[in-house]
Amino acid sequence: MKLSKIALATIVAASCVMSTGVHAYDNHNGVVTFKGNIVNTPCSVSQDDLKQSVEFGDISKVVLENGGTSDVKSFDITLKDCAIETSNTANVTFSGGTVTGSNNKMLALNGSATGAGIVVKYSGEAIAFDGAIAAVSDYNLANGDNTFSFSSYVEKAANATGVTTGTFESTANFVISYQ
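Residue numbers 1 to 179, in UniProt numbering, belong to the letters of the sequence shown in order.
Take a look at the structure:
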């Protein structure tokens, strides 16, 4: 009898401990939204390249005022999975606010820093931000991936009397067209 009381007490104690493991907790509810865009183009732009940020960090005002530039920062635009049966060339044009007197070849700074701008180059040539002159013109596409590599830097604007310190940002939009 004593053994069965001990066994019963052990079973009751074990069931109390185990029952805490089956206690019903609140649920977490969430949503997964899937978005995309089906386009009629021979390539798609890499998702990593659609919205990029180029960080220049701290740039010496003295260096800019003495004709120097920031460190050069590179960025790419990659066309993925190109199938060139219908179109075999691509053009890339850029647009954005430009510095007056720069021939549309220097992006204006937005923010408290003034007197400088951003130059972007492709194959060593400064590109225009007018949305009309192609930075990359009649590029012969290959099947598969195609990458356009650009370099960028900050320099004093030619018509600026000086450079003021502060933060800045600037936005350039790009369009890829196919022929």
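Virtual Cβ for every residue (Gly too), placed ideally from N, Cα, C. On a predicted model such as this, the values are computed, not experimentally measured, just so you know.
Asked, Found
"Below 8 angstroms between beta carbons: does that hold for V163 and E65?", "yes"
"Give me the Cα-Cα distance between I133 and V120, rounded to the nearest whole angstrom.", "14 angstroms"
"Counting pairs of beta carbons, one from the segment 43-53 and one from the segment 112-130, are three or more of them closer than 8 angstroms?", "no"
"Could you tell me if A158 is buried or exposed, where buried requires 16 or more neighbouring beta carbons within 10 angstroms of its beta carbon?", "exposed"
"Give the DSSP bridge partners of V175, in chain order.", "T93"
"Who are the Cβ neighbours of D81 in its own chain at under 8 angstroms, not counting the five residues just before and after it?", "C43, S44, G144, D145"
"Pairing CB atoms from the segment 98-111 with CB atoms from the segment 165-178, are three or more of them under 8 angstroms?", "yes"
"Could you check what DSSP says for L141 in three-state terms: helix, strand or coil?", "coil"
"What three-state label does DSSP hand D130 in the structure shown?", "strand"
"Which complete alpha helix (DSSP H) runs does the segment 60-122 hold, if anything under 4 residues is left out?", "61-65"
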